[in-house]
Amino acid sequence: MSQSRYDVLAVGNAIVDALSPATDAFLESQGIPKGAMNLIDEERATSLYAVMEPGKEASGGSAANTVAGIASMGGKAAYIGKVADDQLGEIFTHDIRAIGVDFDTPPLKDGPATARCLINVTPDAQRSMSTFLGAAALVTEEDVAADADKLRASSIIYLEGYLFDREEAKRGYVRAAELAAAAGKRTALTLSDLFCVDRHRAAFRHLVANHIDILLANEAEITALYETEDFDEAVRLVGQDVEVAAITRSEKGAVIVRGDEVVTVAAAPVDELVDTTGAGDLFAAGFLLGLARDLSLEEAGKMGVICAAEIISHFGARPETALKSLIEEGGIGLA
């Protein structure tokens, strides 16, 4: 078992989510790409929010959702992310601390507002995200360095691909990976979104090959990263680049790769598919906590699919049932 102070420390976009039901016609009328994440400015965020259906608001962000899941399993988590010194920033800070995650990144005093993600969920459970990154995109190398002691005290450092749009964040990610490696800890990356891979393929390939120990992605993202339509070829290639890769395949479950070893984990049953928002984030929570606690690849993968199944059974990307109890019911013991 890991003797680190934290199981996982995550670095990502600190975002407040607004989730609303929507129709395909609404997406088309608003020019929203279905099933993907689209970056917008603050003016567009204000106008779109005004015409969305009533919904649910909660603190979010991909990596923040992951550490929330880890806390729900009784794991020890910390977070680095940037909010503004405003009301939404205060809400985010209160929420993430209240669930037991260690978060001390100083808020941005001058600059854009706290980020928000407007998520329109269609009846087929697809989520289409329009994101104003605001202060969230301004995580710097200095923010990472300020929490260097926490990085060294974490079993796994987890980096969110969504944050990769700015050069400052890229430098921060390399710094985090270097600090982790020097302390004998592992660095994980999620590719986050197909659009992220298309925008940053060369930079992601370099980061993965040189600084990443654990890679998380879905099937579309991993094949796009290696520019192949052959899933098995992508699996072979990622096995050469990283120590461990976990690739989610929706209802097909997940494929986990370590060198030449390939483990397939079946998806956990779901009574009703309501909203896929956060499915990958919560798979990452279970999988990374399993690795941090030195479980087998199969057990870690099973934790991931159990967590993902809980999150897609309701609106929102934060657990509504204590994940620790679901993991125990699944026959997995966390030391």
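Under the numbering used here, the residues of the sequence shown are numbered 100 to 434, in order. Yeah, the Cβ is synthetic: ideal placement off N, Cα and C, and Gly gets one too.
#1: For E152, which residues of its own chain have a beta-carbon under 7 Å away from its beta-carbon, when the five flanking residues on both sides are left out?
#2: Do you know offhand how far F125's Cα is from L394's?
#3: Does DSSP put E156 in a helix, in a strand, or in coil?
#4: Going by beta carbon distance, what residues of the same chain come within less than 8 Å of E428, once the five residues before and after it are set aside?
#5: Could you please give me the residues that DSSP links to E259 through a beta bridge?
#6: Apart from the five residues just before and just after A323, which ones in its own chain have a Cβ nearer than 8 Å to its Cβ?
#7: Go ahead and label A408 buried or exposed: buried means 16 or more other beta carbons lie within 10 angstroms of its beta carbon, across all protein chains shown.
#8: For the beta strand (DSSP E) that contains A117, what are its first and last residues?
#9: Is the CB-CB distance between R274 and V243 below 8 Å?
#10: From this set, L207, E259 and S128, which residue's C-alpha is nearest A287's C-alpha?
#11: Check this for me: beta carbons of E141 and G283, under 8 Å apart or not?
#12: Fully enclosed by the stretch 120-184, which alpha helix (DSSP H) runs are 4 residues long or longer?
#13: From K249 to Y105, what does the alpha carbon distance come to, in whole angstroms?
#14: Within the continuous beta strand (DSSP E) that includes Y105, where are the two ends?
#15: Below 8 Å between beta carbons: does that hold for G385 and A353?
#16: Going by other Cβ atoms of all chains shown within 10 Å of its Cβ, with 16 needed for buried, is S128 buried or exposed?
#17: Is DSSP giving S395 helix, strand or coil here?
#18: Determine the burial state of A176: buried for a count of at least 16 other Cβ atoms within 10 Å of its Cβ, exposed for fewer.
#19: I'd like to know if the stretch 346-364 and the stretch 129-149 are in contact, where contact means that at least 3 CB-CB pairs between them fall below 8 Å.
#20: With distances taken between CB atoms, is the gap from K181 to A113 smaller than 8 Å?
#21: What residues match up with I410 in a beta bridge as DSSP calls it?
#22: DSSP on S274, reduced to helix/strand/coil?
#23: I think L314 touches V334, with their Cβ atoms under 8 Å apart; what is that distance to the nearest whole Å?
#24: Can you find the residues in the same chain that come closer than 6 Å, C-beta to C-beta, to R348, ignoring five residues on each side of it along the sequence?
#25: For D203, which residues in the same chain have their Cβ closer than 8 Å to its Cβ, ignoring the five residues on either side in sequence?
#26: At a threshold of 7 Å, does A176 count as lining the ligand MG (C-beta to nearest heavy atom)?
#27: Based on Cα-Cα distance, which residue from A214, E398 and S103 lies nearest to V158?
#28: Would you mind reading off the limits of the beta strand (DSSP E) that contains I346?
#29: For a test of the three-state rule: what should DSSP assign to I190, helix, strand or coil?
#30: Using the three-state DSSP reduction, which class does E360 fall into: helix, strand or coil?
#31: Can you tell me whether T363 is buried or exposed? The criterion is at least 16 other CB atoms within 10 Å of its CB, across all chains shown.
Working from what's here:
#1: S119, P120 and A121
#2: 45 Å
#3: In the structure shown, E156 sits in a strand (DSSP, three-state: E or B).
#4: none
#5: T289
#6: L293, V296, D297 and R300
#7: The Cβ neighbour count for A408, taken over all protein chains shown within 10 Å, is at least 16; the residue is labelled buried.
#8: In the DSSP assignment, A117 falls within the unbroken beta strand (DSSP E) covering I114 to P120.
#9: yes
#10: E259
#11: no
#12: 123-129, 141-150 and 161-171
#13: 8 Å
#14: Y105 to V110
#15: no
#16: exposed
#17: Coil, per DSSP.
#18: By the Cβ neighbour-count rule, A176 is buried, with 16 or more other Cβ atoms within 10 Å of its own.
#19: no
#20: yes
#21: Its beta-bridge partners do not exist; DSSP assigns none.
#22: A small correction: the amino acid at residue 274 is Arg; Ser does not occupy that position in the sequence shown. It is helical.
#23: Not a contact, Cβ separation roughly 11 Å.
#24: E318
#25: D246
#26: No copy of the ligand MG occurs in the structure displayed, which carries no ligand at all.
#27: The amino acid occupying residue 158 in the given sequence is Ser; Val does not appear at that position. The shortest C-alpha separation from S158 is found at A214.
#28: V343 to T347
#29: It is helical.
#30: strand
#31: exposed
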